[in-house]
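Participant: Residue numbers (the working numbering): 1 to 153.
Backbone N, C-alpha and C define an ideal beta-carbon position, used for all residues, glycine too.
Keep in mind it's a predicted model, so treat the numbers as computed, not measured.
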Amino acid sequence: MNKSFVVAALVLAAMIITSGDVYAQDMGNGRWWQRPGVAKELNLSDKEKQALDDMFIKNRDKFIDMKSDLDKERLKLEDILNKEPISDASAAAQYKRVEEKRQKLAAERFKYILGVRKILGQDRFQRLSAMADEMRKKRFEHEGQGFRGKEEQ
């Protein structure tokens, strides 16, 4: 696997991971292929759009459930960390559960990205990645954000 594919996959993963926030709203609530400009730029056929829709629908419930499970485990960890006295063993065990849930979710998201890559092919996948990166840069510039959020003025 080459470096540019991994970078493109990470950018696309950011699109998927943030599907509930403002960024995803820009991309059509996770269905970026339904946006006319994106579809035209990537020269998507109706068959490819349908394949992306099918994959999205198939994986959406799984992602929601896995994200919910992860959030529940994080909440349990937060509860353990807020108790006095803190139990190092309980905290470590719960942290391990959180990380296992996070890794499973990340692996499923990566499989989804691989599916998108297979539908688009390398060239269009790279273009999609560049489009997402450009959109993110414009949003950060527009909102005055850097890596740490809004800059203080």
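Assuming F56 contacts G37 under a Cβ cut-off of 8 Å, what Cβ separation, rounded to an integer in Å, is found between them?
Facilitator: Residue mapping note: residue 56 aligns to position 56 of the sequence shown, counting from 1. Residue mapping note: residue 37 aligns to position 37 of the sequence shown, counting from 1. Contact between F56 and G37 fails: their C-beta atoms lie close to 19 Å from each other, not under 8 Å.
Participant: Select from R109, Q122 and E143 the residue whose C-alpha is nearest the C-alpha of I64.
Facilitator: In the sequence shown, residue 64 corresponds to position 64, counting from 1. Nearest of R109, Q122 and E143 to I64, Cα basis: R109.
Participant: Just mark E73 as buried or exposed, buried being the case when its beta carbon has 16 or more other beta carbons within 10 Å.
Facilitator: As a first step, residue 73 is located in the sequence shown; it is residue number 73 there, counting from the start. Answer is buried; the Cβ neighbour count reaches 16.
Participant: Exposed or buried, which one is R139 when buried takes at least 16 other CB atoms within 10 Å?
Facilitator: Start at 1 with the first residue of the sequence shown, and residue 139 comes out as number 139. Exposed, because fewer than 16 other Cβ atoms sit within 10 Å of the Cβ of R139.
Participant: Alpha carbon to alpha carbon, what distance is there between D69 and I119?
Facilitator: Position 119 of the sequence shown, counting from 1, holds the residue named residue 119. Position 69 of the sequence shown, counting from 1, holds the residue named residue 69. Taking the straight line joining both Cα atoms gives about 29 Å.
Participant: Confirm, please, whether the CB-CB distance from N59 to Y112 is below 9 Å.
Facilitator: As a position in the sequence shown, residue 112 is number 112, starting the count at 1. As a position in the sequence shown, residue 59 is number 59, starting the count at 1. In this structure, N59 lies closer than 9 Å to Y112 by Cβ.
Participant: With a CB to CB cut of under 8 Å and the five nearest residues on each side skipped, what residues in its chain are close to M66?
Facilitator: As a position in the sequence shown, residue 66 is number 66, starting the count at 1. Around M66: K101, K104, L105 and E108.
Participant: Should Q162 be labelled buried (16 or more other beta-carbon atoms within 10 Å of its own) or exposed?
Facilitator: Past the edges of the chain, shown from 1 to 153, lies residue 162, and the structure says nothing about it.
Participant: With a threshold of 16 other CB atoms inside 10 Å of the CB of R35, please say whether the residue is buried or exposed.
Facilitator: In the sequence shown, counting from the first residue as 1, residue 35 sits at position 35. Result: exposed.
Participant: What is the DSSP secondary structure of P36, reduced to helix, strand or coil?
Facilitator: In the sequence shown, counting from the first residue as 1, residue 36 sits at position 36. In this structure, P36 counts as helix in the three-state DSSP scheme.
Participant: Helix, strand or coil, according to DSSP, for G30 in the structure here?
Facilitator: Walking along the sequence shown from the start, residue 30 turns up at place 30. Here G30 sits in coil by DSSP.
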